[in-house]
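Note sheet for the following structure.
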Amino acid sequence: MTSIILRTATLYMFPPLILFSVYLLLRGHHYPGGGFVGGLMGGAAFALYSLAFNVAAARKLLRFDPRDIAAVGLAISLLSGLPALFSGEVFLTGTWWKIPLGNGNYFDLGTPFIFDIGVYLVVLGVLLTLVFSLGEEE
Amino acid sequence: MLTLLVICFVAAFLAPLLHRLCPKYTGVLLLSAPLAMFVWLVKQIPEIMHGHPVEQTCIWVEKIGLELAFRLDGLSLLFALLISGIGMLILLYTQGYFKGHPQQGRFLMYITAFMASMLGVVFADNLLLIFIFWELTSFTSYLLIGFNHESEDARKAALQAMLVTVLGGLFLLGGLILMADAAGTWRLSELIQRGSELVAHKNYLPILILVCIGAFTKSAQFPFHFWLPNAMQAPTPASAYLHSSTMVKAGVYLLARLSPALGGTEEWMLILTTIGATTFLVGAVMALGQHVLKRLLAYTTVSALGAMIMLLGIGTDYTIKAMAVFVLAHAFYKATLFMVAGGITHETGGETSIDKLGGLRKAMPISFICALLAGLSMGGFIPFFGFVAKELWLHALDHYVLLVIATVIGGAAYVLVGLSVGLKPFVGKMPDGLRAHEIPPAMRFGPIILGAGCLALSFFLKPIGHGLIEPAASAIAGKELHVHLHLWAGFNKAFMISTGTVVLGIGLFFARNTLLGMAQKLRPITKVGPDAVYDFLLKSVLNFAGWQTRNLQNGSLRHYIRISVITTTFLVIAAFIRAGGFETFEKISPLSIRISAIGILMIFATFGTVKSESRLSSILSMGVVGFSMALLFTFFGAPDLAMTQVVIETLTVILMALAFYHLPATNHISPKKTRAIDIGVAVGFGVMITVLVLAALAVQTPTPVSDYYLEHSYKEAHGRNVVNVILVDFRALDTLGEITVLTIAALGGAALLKLRPSTRRRDVLVALPQESGGDTASTKKENPS
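Protein sequences, first through last, are from chains A and B. With the numbering used here as the guide, the letters of the first sequence map in order to residues 1 to 138. With the numbering used here as the guide, the letters of the second sequence map in order to residues 1001 to 1785.
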């Protein structure tokens, strides 16, 4: 599967796809999006890359083993449930911190968002584990 | 109490490590745990004697009434002293028995863990807690019986013991739950106070039967007795500890503990006395036909346990006292005999048959003396402690002529066995080729201390009676009892019968060969015994499992899908019909043109998927269905779903294309018949889903759940996107579960893909060296010429 059109298009498509996937993750709490669909989108970007070039190149681009990414994501999601325990709440209860941005504005950082980052990484890792395993050894 | 118990468990898990660090002293080091327990227990005796139990409670799982409640009263004290005391000696004995054995650490771990669990059983004051420890003893017993796991017999015996006791454990759990429900408390000590309520409760009989099955399987009562002799596959320290003096008494302990709550009724007496007496006789008679040392002892253990249950069942003050004394006497002589038997086998190079042993008194004088002391105590010779027990027992059975006759027969068998193990191997002529030497020092402590105890206890009857037996008997009876033990009570009826029994037993001992011959002829009967029933049941279960695996999980993916779909369809339809079917169709809104158009497109695409000749076009047609679905989601105001659907659909197409790439190229079409079935299954599933969706529309909930989420999403969870807030906040635990499953599935999938036979690659490797040029770097390396 080597098509010069696909390759060139992929090189242009890849960065916006990744940006879009992160954008989906970040806006998820208020508007359509979230860790799940963001992760899928990110995974799709790498899948496209592996189709246009090959799996080895996609792996190199990703740098980390997708299985590790999934594991780290799972750990992040799990850990995000812990802060609630310290304040005597039930595991995974949302905890929010106001982080001052300097000019009088605040950024709401909450454990649900951290949890969502974990979901994003798990979905990305899982998807790529499968895509890479299927695509290898051609 | 809790601390000491935890120390015992920790010690168990440290055992393998300790063994690695200092293999010579592992047993001695581990000894500190039971020693601490023993010392603490001894210090509690005065308090317990005055009727003040020691209690300790920690909350564990409040909602199901599970608390770490411990209580030490007279009954627990008697058992706990035996468990920790004999436990110490067993640890020392193990040190010698497994000298230089590489797996000694593992054995010590199991046996210490068992000890801790067994202490838990006798300390627990909560019904669920007692059950947990109860199961732990079954489990550690399984590990110990199967310790020599290379031996098939050991594995089989371990499994058998486990299945029988754990099955009984399930019955017990049922009984305990019913009992807690009837009495309104999980606390054992409170439950005992409410005995009259329990006995009058409508569930009394089921409770009694369930608890009895649990206790009878554990304590090897007829007809569940068969696992105990088979369990002799365990190394001797385990047999001496678990399968004679402690674990098998858990059932007796439990019934004794519950006796004030459940006892005193006709049903109680009938069940316990009948089963107990039967077991007592069956065990004693079957022991007569045995010549393997440990099996011989095992059958008398079965018999002794039966006797305890029988005495408990009668439930008079006298029988309860007799039982408590007998528990003590039995633990002493049986543990000694087991340890000596193990020593003999150990030091003669594996000889297990009594008939091939003889004349060992010169080679093993210490063992001889210990065994003789214990054997005479077992036979009930005066002035041994066994005599005191038997005297009390006969005295207690005064009015029950049948039981007295049974006792005489069983007692005579005990004399025979006591002499067979305590005397026979040591006297007479040493058979040719038998070499033996005395057991090593570490193994001597147990037999010497316990063997001496068999005699010495008789001279401390007053402190034992007051300090141990009286509190224990009072706890069993549920009221205060006074115990005065006598070695010599005069020439009364009991003494006459006891003497007669001993004489009869000695007679049997000299006629032993005749008896063995008779037993040989009776052997075929055992083939239809409970052991055979167990084998048959186990085989049937395995056959059934094999049958259903062949039919349901035959490895064909298509078959799996078919079965899952058919099952789902039927279950849902059944549930639907039970719920009353449809009500109205009013809520269906008219179809708009664009939605109808998408619907028609989807129908065509579906046909395309099914009818297509190539895989790739099938996948693409299915993609059309999926994208149309996403379009529908957008029309109905679900952008989140639509977006996810689009991405998922894209990826599905990619993944399927990749997967199909690996499949063989042939476009295999199923035969007509299979296709017809598949169509039926698919249409059935489709109809079911349609019906379900229509029915869901008709359902009117008073306030939809969505209102709650809409209201609280921003206020409490700082998020305007309700779907996302549900996923990551309200139902985050579900999501966590899902992503965990996802990860596991991906790892499993990747592993399976690695497993596939990579024929293509192998072909390449084989093909390359044959090429003449060798135009790539890799072939040059492989083929330097």
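Glycine residues also receive a C-beta, built at the ideal position from the N, C-alpha and C atoms.
The alpha-carbon separation between Glu-1613 (chain B) and Lys-1672 (chain B) amounts to approximately 15 Å.
Glu-1347 (chain B) sits close to Met-1364 (chain B), with the two beta carbons spaced by under 8 Å.
The beta carbon of Ala-47 (chain A) falls within 8 Å of a beta carbon belonging to chain B, placing the residue at that interface.
About 5 Å separates the Cβ atoms of Met-1088 (chain B) and Leu-1031 (chain B), confirming a contact at the 8 Å cut-off.
Nearest CB-CB separation between His-1559 (chain B) and chain A: not below the 8 Å threshold.
Looking at B:Ser-1596, B:Arg-1594, B:Gly-1623, the one whose alpha-carbon comes closest to that of Thr-1606 (chain B) is B:Gly-1623. Met-41 (chain A) and Arg-1106 (chain B) have their C-alpha atoms spaced approximately 51 Å apart. If you look at Tyr-1097 (chain B), you'll find it in the alpha helix (DSSP H) that goes 1074-1097. With respect to the 8 Å criterion, Gly-1214 (chain B) and Gly-1175 (chain B) are classified as neighbours on the basis of their beta carbons.
Close partners of Val-131 (chain A) in chain B (Cβ separation under 9 Å): Leu-1651, Ile-1654, Leu-1655, Leu-1658.
Non-local C-beta neighbours of Gly-1467 (chain B) in its own chain, meaning closer than 7 Å and more than five positions away in sequence, comprise Ile-1045, Met-1049, ordered along the chain. Neighbourhood of Val-37 (chain A) in chain B, by CB distance below 8 Å: Asp-1640, Met-1643, Thr-1644, Val-1647, in chain order. The continuous alpha helix (DSSP H) containing Gln-1160 (chain B) extends over residues 1152-1183.
Linking Ser-1498 (chain B) to Thr-1279 (chain B) through their CA atoms gives a straight-line distance of about 21 Å. Taking the C-beta atoms as reference points, Leu-1516 (chain B) is found no nearer than 8 Å to Leu-1485 (chain B). In this structure, His-1718 (chain B) lies away from Gly-81 (chain A), with their beta-carbon atoms at least 8 Å apart. For Gln-1553 (chain B), no beta strand (DSSP E) segment is defined, and its DSSP state is neither H nor E. Among the residues of chain A, those whose CB is under 9 Å from the CB of Arg-1720 (chain B) are His-29, His-30, Tyr-31, following chain order. For Ile-1059 (chain B), the enclosing beta strand (DSSP E) starts and ends at 1054-1061.
In this structure, DSSP gives Leu-109 (chain A) an extended state, which the three-state scheme calls strand. Taking 8 Å as the cut-off, the beta carbon of Arg-1444 (chain B) is found closer than this to the beta carbon of Ile-1366 (chain B). Exclusion of the five residues before and after Thr-1609 (chain B) leaves Ser-1618, Ser-1621, Met-1622 as the residues of its chain whose Cβ lies within less than 6 Å of its Cβ. Remark: C-beta atoms of Met-1310 (chain B) and Leu-1272 (chain B) approach each other more closely than 8 Å. If the five residues before and after His-1291 (chain B) are omitted, its C-beta is found closer than 6 Å to the C-beta atoms of Ser-1353, Ile-1354, Asp-1355, all from its own chain and listed in chain order. With the rule of 3 Cβ pairs closer than 8 Å, the region 45-52 of chain A does not count as touching the region 79-99 of chain A. In terms of CA proximity to Phe-1009 (chain B), B:Ser-1117 leads the group B:Ser-1117, B:Thr-1740, B:Lys-1202. Annotation: Leu-24 (chain A) to Leu-62 (chain A) spans about 19 Å, alpha carbon to alpha carbon. Only buried fits Leu-1191 (chain B), as 16 or more other CB atoms lie within 10 angstroms of its CB. For Lys-1294 (chain B), there is no enclosing beta strand (DSSP E); the enclosing alpha helix (DSSP H) covers residues 1293-1314.
Residue-level contact by beta carbon holds for Asp-1729 (chain B) and chain A, with a gap shorter than 8 Å. When secondary structure is reduced to three states using DSSP, Arg-1361 (chain B) falls in the coil class, being assigned neither helix nor strand. Within the region 1730-1752 of chain B, Ala-1732, Leu-1733, Thr-1735, Leu-1736, Ile-1739, Thr-1740, Leu-1742, Thr-1743, Ala-1746, Leu-1747, Gly-1749, Ala-1750 place their CB atoms closer than 7 Å to a CB of chain A, listed in sequence order. Within its own chain, the residues whose Cβ lies closer than 6 Å to the Cβ of Val-1408 (chain B), once the five positions on either side in sequence are excluded, are Thr-1501, listed in chain order.
Interface annotation for the region 89-110 of chain A against chain B: Phe-91, Leu-92, Gly-94, Trp-96, Asp-108, Gly-110, criterion Cβ-Cβ distance under 8 Å. For Lys-98 (chain A), the uninterrupted beta strand (DSSP E) segment begins and ends at 96-100.
Counting only runs that start and end inside the region 1611-1663 of chain B, the alpha helix (DSSP H) elements of at least 4 residues fall at 1615-1635, 1639-1661.
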